[in-house]
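Visitor:
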Amino acid sequence: MSSKNEKSAIAPMAQSQVQTEIWWAVLNHLSAVASLGKDEHLLNAGMMPELIAALKYQSSVDLRQLSSSLTQTGMLWDINQLCRMIRLAAIPKEAQELLLLGANNKVMARYLRTSAAKCKEWREVVEVTPCFRARCVPDKNYQTVLELLDQLCEKHTPMGIPIDELLTIAQQHQVSLGAMWTELEKWDEEDEADKKKQKK
């Protein structure tokens, strides 16, 4: 006979699986309602139009991944977190990667042809760490980063460096894409000025 004081607990792994299934059921229902065009029901429930639009285009696999992500937050019924994660899921992965590494509007326009308005909307959802919010290359690794950019400019124009190369530098040296782009713009302007002088 078990003691009244004996605690019954669900193993953490099983608890996580149950939580994921609950999120998946909720998301599947919301997605089904959105896909059937019953936007009015969701709007009346307080869901924003952009969230409804995002739900319509989520596949079963996407919803499963989103359920797992929500479970990892550790909050079962955080509605604000649910809304944020739905909006985040609607952002293309390549755009998320650039924004997380501090891409400014010019970087987004150059490599992904994304409008400033769309960037603003996405930044409200993407959580960027402080080191990638800086718009100037930090003094501690300024020389190293500029030397790496200079090496790349031997093969490419400042505005023509492949994004993968910039991503590598950003990740290895914890410097934002926006900060590097500011330096590259200066070099591009100098190159253009030199070309004009040569034509005279």
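Residue numbers (numbering that gives the first Met the number 0): 0 to 199. Cβ atoms here follow ideal geometry from the backbone N, Cα and C, with glycine treated the same way.
#1: Would Leu98 and Ile162 be called neighbours here (beta carbons separated by less than 9 Å)?
#2: Under DSSP, the alpha helix (DSSP H) around Tyr141 begins and ends at which residues?
#3: Look at the alpha carbon of Gly159 and the alpha carbon of Gln57, and state the distance between them as a whole number of angstroms.
#4: Just mark Met179 as buried or exposed, buried being the case when its beta carbon has 16 or more other beta carbons within 10 Å.
#5: So what does DSSP say about Ile168, is it helix, strand or coil?
#6: Ends of the alpha helix (DSSP H) at Ile51?
#7: Between Ser15 and Leu62, is the Cβ-Cβ spacing less than 9 Å?
#8: From this set, Glu191, Ala52 and Asp138, which residue's C-alpha is nearest Ser34's C-alpha?
#9: Go ahead and pull the three-state DSSP assignment for Glu126.
#10: Within the same chain, show all residues whose beta-carbon is closer than 7 Å to that of Ser66, passing over the 5 residues directly before and after it, in chain order.
#11: Just confirm the distance between the C-beta atoms of Asn104 and Cys118, as a whole number of angstroms; I'd bet it's less than 8 Å.
#12: Between the region 144-155 and the region 180-187, do three or more beta carbon pairs fall short of 8 Å?
#13: Exposed or buried, which one is Leu100 when buried takes at least 16 other CB atoms within 10 Å?
#14: Taking DSSP as the reference, what is the three-state secondary structure of Pro91?
#15: Name the two residues that bound the continuous alpha helix (DSSP H) containing Ser68.
#16: Using 8 Å as the cut-off, classify the Cβ of Val106 as near or not near the heavy atoms of the ligand ADP, replying yes or no.
#17: Kindly indicate the opening and closing residues of the alpha helix (DSSP H) around Asn104.
Guide: To lay it out plainly:
#1: As a position in the sequence shown, residue 98 is number 99, starting the count at 1. As a position in the sequence shown, residue 162 is number 163, starting the count at 1. The Cβ atoms of Leu98 and Ile162 lie no closer than 9 Å to each other.
#2: If you number the sequence shown from 1, residue 141 lands on position 142. Looking at the DSSP string, the run of the alpha helix (DSSP H) that includes Tyr141 is Tyr141 to Leu151.
#3: As a working mapping, residue 159 is identified with position 160 in the sequence shown. As a working mapping, residue 57 is identified with position 58 in the sequence shown. Near 34 Å, if we compare the C-alpha coordinates of Gln57 and Gly159.
#4: The sequence position of residue 179 within the sequence shown is 180, counting from 1. Label assigned to Met179: buried.
#5: Here residue 168 refers to the residue found at position 169 when the sequence shown is read from its first residue. It is helical.
#6: The residue labelled residue 51 in the question sits at position 52 within the sequence shown. From DSSP, the alpha helix (DSSP H) with Ile51 extends over Pro48 to Lys55.
#7: Taking the sequence shown and counting its residues from 1, one reaches residue 15 at position 16. Taking the sequence shown and counting its residues from 1, one reaches residue 62 at position 63. Cβ distance not < 9 Å, so Ser15 and Leu62 don't count as in contact.
#8: The count along the sequence shown starts at 1 and reaches residue 34 at position 35. Per the Cα distances, Ala52.
#9: Locating residue 126 in the sequence shown gives position 127, counting from the first residue. Three-state DSSP puts Glu126 in coil, outside helix and strand.
#10: Here the question's residue 66 lines up with position 67 in the sequence shown. Within the same chain, Ser66 has close Cβ partners Thr19, Trp22, Trp23 and Leu26.
#11: On the sequence shown, position 105 is the one that residue 104 refers to. On the sequence shown, position 119 is the one that residue 118 refers to. Contact flag correct, Cβ pair sits at about 5 Å.
#12: yes
#13: Stepping through the sequence shown from its first residue, residue 100 is reached at position 101. Leu100 comes out buried.
#14: Sequence index remark: in the sequence shown, residue 91 carries index 92 (1-based). Pro91 falls in the coil class under three-state DSSP.
#15: As a first step, residue 68 must be located in the sequence shown, where it is residue number 69. Its alpha helix (DSSP H) spans residues Ser59 to Gln71.
#16: Absence of the ligand ADP is noted for the structure shown, with no ligands found whatsoever.
#17: As a working note, residue 104 is residue 105 in the sequence shown. Asn104 -> alpha helix (DSSP H) spans Asn104 to Leu111.
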